[in-house]
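Chains as they are written, first to last, in numbering that gives the first Met the number 0: chain P, 0 to 236; chain E, 0 to 265; chain Y, 0 to 592.
The beta-carbon is built from N, C-alpha and C at its ideal position, and this holds for glycine as well.
Data block below; observations after.
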Amino acid sequence: MGTKQAVVVGLAMLVVAATAKAGPPAGGTISGKVTYEGTPAKMKPIDMSKEPSCAKMYTTPPLAETVVTGAGNTLENVVVYISAGAPDDAVPSTAAVFTQKGCRYIPHVLAFQVNQEIKIQNEDQTSHNIHPLPKINREWNKSQPPGTPAISEKYDKAEIFPVKCNVHPWMHGNFAVLKNSHYAVTGDGGAFSLPNLPPGKYTVTAWHESYGDQTQEVTISGSESKTITFVFKAKPY
Amino acid sequence: MGKLLAIVLVLIAVLSAYPIVAHMFVLPEDISTHGHAIDDQLHETMLEAGLSFVGAQIVLAVFVWGFADRKKGSQLKNFPGGAKVAVIAAFVLVGTEVLALGVLGQEAWAEVYFTPAKPNAIQVQVQAEQFAYYFRYAGPDGKFGAIHPDKIDEGNQNYFGLDPANEVEARDDIVSGELVVPVNREVQLLMHAKDVGHSFYVRELRLQQDFVPGLDLSVHFTATKTGKYEIVCTQLCGLGHYNMKAYLNVMSEEDYEKWLKEQAAQ
Amino acid sequence: MQEGSVQEAHVHAPPGGFLRKYVFSLDHKVIGKQYYALALVAVFTGMILSWLMRIHMVWPNAKIPLLELFSKNGAPGGVMTPEYYLSLLTMHGTLMVFFVLTNAPFAAFGNYFLPIQIGAEDMAFPRFNMMSFWTTFVAWVVLMLAFFIPDGPPIAGWTEYAPLSAVGKDAGPGMQWGASLWGISIAIFCVASLLGALNFIATTLDLRAKGMTLMRMPLCTWAWFITSCIALLAFAVLFPACILLILDRHAGTSFFIPGGLVISDRLQPHSGGSPLLWQHLFWFFGHPEVYIAILPSMGIVSHILVNSMRKPLLSARVVIYSMMSIGFLSYMVWGHHMFVSGMNPMSSLAFSFPTLTITIPATVLTLIWLGSLYGSNLQINSASLFALGFISMFVAGGVSGFFLAQPSIDIYLHATYFVVGHFHLVMGVASLFGVFAGTYFWFPKMTGRMMSEPLGKLHFWITFVGAYCIFMPFHYLGLIGNVRRYQSFVDDFMAPYIGWHKFVTIAALITGAGQLVFLYNLIYSRFKGRPAPENPWNATSLEWSIPSPPPWNNFGGKHPIVYHDPYQYGVKGSKGDFVMQDSPEHVVAASGD
């Protein structure tokens, strides 16, 4: 191209470079899948007969969610996170949302950060009573009648603990309070991905509510991507 | 104003009695074998209590009408017989009622509490917990697995704390949120409280019994009509007490057997 | 004990200084008024709690303004949570039974009038008396603290059954410090009541004036005396029960908690205790307690009725023996609260017999009141209206007891609104009618001013009709199986009956508003009421022989002498239609002397 065009393009590139936000730091990714071996327990359908207002929302009763499996022996609801090697992150300003709907918790496992706000809402016609059961965090227990505002809470220590509803004994979920932003909860297909990791040595922990937790050490240099797999031992009961 | 009080008293007596006399509030239908004795006693008591109530209000009204705000210089009179009449009347009226109802009352109470369950009664274990009931059937092997409080895992719907991994008896136990029973067969409920005091109340069965933590209690009944009936908790057990219920589902014998098979297959 | 001994109450010098006169007073009259004031605060608090409960029950999603300000946890967005409903229910019952129904008819009026009616200068132990009131006050403060702690008041009902009340915070909201404050408050209340009961008994036995035999005491004095005897044994059992409960909650003991309990997913570290033990201890107190609540009102109503009828009762002696029998039998019936509790079913039959039998003295009393009206010269005023209303309410509440006394019927009616209707009519209405009657009757004596009669009558009509509108429907609802202590009715079974509950709620709000008429009357008359003469009702007992209000030492240093029983009305040959108890005027022996 001619000099004039070159100068315009060059200027344009300079403008773009100057005005564009600083892109994400160059980082590596740890990703992979969580699977199981052995025979997992058969999930039983939940008997909601004591709460007709919820029971009628299902054509067939939903199954319990303590072990949710997918094709290829994959495991859902596993929290995969960096437990060592990464610094604590700033608290995100958006809230993590936990919904009670159809007398179940959505999502079944809610992962969020220390001191991040969580918003708990009740979309059912019945009163629920959220009772998280931490061991090191402050325990509380609140009723939420239908139509009342969302409950806002936060936790100041890293911990993974169960949540139950006192009124509906089958309702169980989990809160994972984590120190940094490098976490994922596996969905259908059991996959997870932890991007934006600066170079370093990391301990990756995978936690499942029925099968416990496992760790693996992964070192990232430069912006490489590493794939790891977690395999849990399933139990028939 | 004395006359006004007398009129209001009579109105109150009549208006209070009216809903009962007009059958505006009818007992839920009795579907039990022992309930008729309770209902008979209740009706008998209603008659006597009702007559006493209305009678007393009317006597009060009549006397207030007759003796309030009397003309100046009216003569004071004493009730003929004086206190003696009152004492004798009280002993006679109440005494006969007490005897009658006390004797009558034995039958219903004995049927529920002094008669043991028949040996071929269907045994169902009921666990009351904050805030639901769960029912356990022994399954094809006829034996209940042991309860281990430390193995309770509600997220996995192991409400009773069974250990099927290590105990054979526990593997075929059927746990249900509904009390399913066949009609016209005696059922024995083995009552177990997991946490605090609760109670088992089915109006139509004329049956109510508290669960006491630490005590093995049982009641038995025979349901005489198919249908779904509420089981509600009547012993204050915490914040969810108002929503602690389950359904008694009385089925025909064949439907019950079918249900058992379906549950065992799960 | 034919003649009272002429022992002087070694009382106190005339009160001096503001604190000694009005705050830490040793004067039984001031203490009586202090109890009354505390009961007044408690009853209005309890009433407001009941309004909140009733509103929430029929409109569960209603946003109640200001409630969120009072308790953010209890009413997020102004909508009451289920546990807060139970907190209000617990506090309502506790305030009403202890701080209203034990305080007002018994401690308040008893303190004020018992010494005067027996011709004494003060109680036997004025310092204990002052301590009783202030200890009660401390108990009230401790209880009210529960409203202001973050976790809120306890939710286990005024009966606080174990193990719900004993295990601590795992049992639910309010069951941490809320329940502990309850236990501490009631334990303190027990101590206060024991002191008070001791004082009443010693005073009645030892300080009667010359000529005041026991049988010449007014019927309300008898009622207070019998009530004190009941209270002594009853509170003596509740006190250790509360201690044991506190120990279970804080010291790791297991008096009331068996092993193997899993609450909030936690295995409780207790074993060997018995929940039924709490029930036995509680109701061993609880049943006599309800007679502590009603007996003074029976006495007050009898006392006022005689004056209103201008004629003695058919037999004061029979009334006294009936009250004594009720007091005695009250200790044998506690198990009727526990028919289906899991205790031995044979015990249930055993308890039902004295429960049915206690109907006999209650019927005797009712028939005597009714029979005495015959041929009388009944004067209608606010006090007598409430006294007559008492008879009506006592019968209404009493007959439903007849159902509940039979174990097999109780299988069906236990823990339904039938029970709620029964005890509210006898306690919440009849007993309170005795207090109202006493207030209208004795206000002139206590303050030296008359209350407004028109306002008093208005108060009566609203309360009398309103109370029937509120509590009669509860019996019908109980008959169809309406379970109690539910914050709202979420099922199809109760749907057809919500209309009745709405009717009751509206009646409760209107009747409650009617009580403001009473409050206004009290306050206005205290300052602006027409000055009262010494004996505005032409009555005969000793309180009407002294100025209105009485001097600090009641009889001005004189020792009254009593010549006959206190109900000399319509006596032939006397001036006017009554003869004062301290008048030596010759009288034809009336019945009961």
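Problem - Any C-beta of chain A under 8 Å from that of G34 of chain E - result: In summary, chain A is missing from the structure at hand, where the protein chains are P, E and Y.
Problem - The beta strand (DSSP E) enclosing A123 of chain Y, as first and last residue numbers - result: Where A123 of chain Y is concerned, there is no enclosing beta strand (DSSP E), given that its DSSP letter is neither H nor E.
Problem - Environment of L14 of chain E [buried if 16+ CB atoms lie within 10 Å] - result: Under this definition L14 of chain E is an exposed residue.
Practice task
Sort E:L10, E:H147, E:Q74 and E:K260 by Cα distance to D140 of chain E and report the nearest one.
Solution key: Nearest in C-alpha terms to D140 of chain E, of all of E:L10, E:H147, E:Q74 and E:K260, is E:K260.
Practice task
Would you tell me roughly how many angstroms separate the C-alpha atoms of P144 of chain P and E138 of chain P, rounded to the nearest one?
Solution key: Computed Cα separation, rounded: 20 Å.
Practice task
Please check if any C-beta of chain E sits within less than 8 Å of the C-beta of H171 of chain P.
Solution key: True, the Cβ-Cβ gap to chain E drops below 8 Å.
Handout entry: CB-CB length for H181 of chain P against I81 of chain P, believed under 8 Å
Key = The Cβ separation is near 4 Å, so the contact holds.
Problem - For Y132 of chain E: DSSP bridge partner residues - result: DSSP, once it has assigned bridges, lists E:A127 as partnering Y132 of chain E.
Exercise for the section: Specify the secondary structure class of E28 of chain E as computed by DSSP and reduced to three states. Expected result: Coil at E28 of chain E, not helix or strand.
Problem - Inter-residue Cα distance where the pair is E216 of chain P and P197 of chain P - result: In this model, E216 of chain P and P197 of chain P are separated by some 15 Å (Cα to Cα).
Exercise for the section: List the endpoints of the continuous alpha helix (DSSP H) containing Y83 of chain Y. Expected result: First-last of the alpha helix (DSSP H) with Y83 of chain Y: P81 to T93.
Practice task
Report yes or no: do three or more beta-carbon pairs, one from the region 3 to 18 of chain E and one from the region 219 to 229 of chain P, lie closer than 8 Å?
Solution key: Taking 8 Å as the limit for Cβ pairs, the verdict is that the region 219 to 229 of chain P does not touch the region 3 to 18 of chain E.
Practice task
Indicate whether at least one CB of chain E lies closer than 8 Å to the CB of P81 of chain Y.
Solution key: Yes, P81 of chain Y counts as interfacial toward chain E.
Exercise for the section: Tell me whether L243 of chain Y is buried or exposed, calling it buried when 16 or more other Cβ atoms sit within 10 Å of its Cβ. Expected result: Answer is buried; the Cβ neighbour count reaches 16.
Practice task
In the DSSP assignment, find the unbroken beta strand (DSSP E) run with N593 of chain Y in it and report its ends.
Solution key: With chain Y represented from 0 up to 592, any question about residue 593 of chain Y goes unanswered, as that position is not in the structure.
Practice task
Answer yes or no: does any C-beta atom of chain P fall closer than 8 Å to that of S175 of chain E?
Solution key: It does; some Cβ of chain P falls within 8 Å.
Practice task
Taking 8 Å as the cut-off, decide whether the C-beta atoms of P168 of chain P and Y158 of chain E are in contact.
Solution key: A contact, by the Cβ cut-off of 8 Å.
Handout entry: C-beta atoms of T354 of chain Y and A404 of chain Y nearer than 8 Å
Key = For T354 of chain Y and A404 of chain Y, yes; Cβs fall inside 8 Å.
Handout entry: is_contact[G239 of chain E, chain P] using C-beta, thresh 8 Å
Key = Chain P, which has a Cβ nearer than 8 Å to the Cβ of G239 of chain E, makes this yes.
Practice task
Please decide whether K100 of chain P counts as near chain Y, where near means a Cβ-Cβ distance under 8 Å.
Solution key: Cβ-Cβ to chain Y under 8 Å: no for K100 of chain P.
Handout entry: CB contact below 8 Å: S142 of chain P versus chain E
Key = For S142 of chain P, the answer is yes, since a Cβ of chain E falls inside 8 Å of its Cβ.
Practice task
Within 10 angstroms of the Cβ of V42 of chain Y, are there 16 or more other Cβ atoms? Answer buried if so, exposed if not.
Solution key: With 16 or more other Cβ atoms from the protein chains shown falling within 10 Å of its own Cβ, V42 of chain Y counts as buried.
Practice task
Name the residue from Y:P472, Y:F393 and Y:V96 whose alpha carbon lies nearest to the alpha carbon of L369 of chain Y.
Solution key: With respect to the C-alpha of L369 of chain Y, the residue from Y:P472, Y:F393 and Y:V96 having the closest C-alpha is Y:F393.
Practice task
Quick one: give me the first and last residue of the beta strand (DSSP E) that C164 of chain P is part of.
Solution key: Per DSSP, the continuous beta strand (DSSP E) segment holding C164 of chain P begins and ends at E158 to C164.
Exercise for the section: State the Cα-Cα distance for the pair H171 of chain P and V108 of chain P, rounded to the nearest angstrom. Expected result: Going from the Cα of H171 of chain P to the Cα of V108 of chain P covers about 9 Å.
Problem - Cβ contact check for the region 116 to 131 of chain E and the region 187 to 202 of chain E: 3 or more pairs under 8 Å - result: When C-beta atoms of the region 116 to 131 of chain E are compared with those of the region 187 to 202 of chain E, three or more pairs fall below 8 Å, so the two segments count as touching.
Handout entry: Range covered by the alpha helix (DSSP H) that runs through A386 of chain Y
Key = S381 to L403 is the extent of the alpha helix (DSSP H) around A386 of chain Y.
Handout entry: P104 of chain Y and S296 of chain Y closer than 8 Å at C-beta
Key = In this structure, P104 of chain Y lies near S296 of chain Y, with their beta-carbon atoms less than 8 Å apart.
Exercise for the section: Starting from the C-beta of H421 of chain Y, find all residues in its chain whose C-beta is less than 7 Å away, skip the five residues before and the five after it, and write them out in chain order. Expected result: The answer, listed in chain order, is G396, S399, G400 and L403.
Exercise for the section: Please confirm if I129 of chain P has its CB atom under 8 Å from at least one CB of chain E. Expected result: Not an interface residue.
Practice task
Answer yes or no: the CB of K141 of chain P versus the heavy atoms of the ligand MN, is any distance below 7 Å?
Solution key: The ligand MN is not part of the structure shown, which contains no ligands of any sort.
Problem - Candidates E:D215, E:R170, E:A127 and E:G154, of which the one nearest G138 of chain E by Cα - result: Answer by Cα proximity: E:R170.
Practice task
Can you pull the chain Y residues whose beta carbon is under 9 Å from the beta carbon of K163 of chain P, in chain order?
Solution key: Taking a Cβ-Cβ cut-off of 9 Å, the neighbours of K163 of chain P in chain Y comprise S263 and D264, given in sequence order.
Handout entry: Own chain partners of L276 of chain Y with C-beta closer than 7 Å, once the 5 adjacent residues on each side are dropped
Key = Within its own chain, the residues whose Cβ lies closer than 7 Å to the Cβ of L276 of chain Y, once the five positions on either side in sequence are excluded, are F254 and F255, listed in chain order.
Practice task
For E128 of chain E, return the contacting residues in chain P, with the cut-off set at a CB-CB distance below 7 Å.
Solution key: Result: P168.
Practice task
Give a yes or no on contact between the region 293 to 313 of chain Y and the region 444 to 458 of chain Y, applying the rule of three or more CB pairs nearer than 8 Å.
Solution key: No contact exists between the region 293 to 313 of chain Y and the region 444 to 458 of chain Y.
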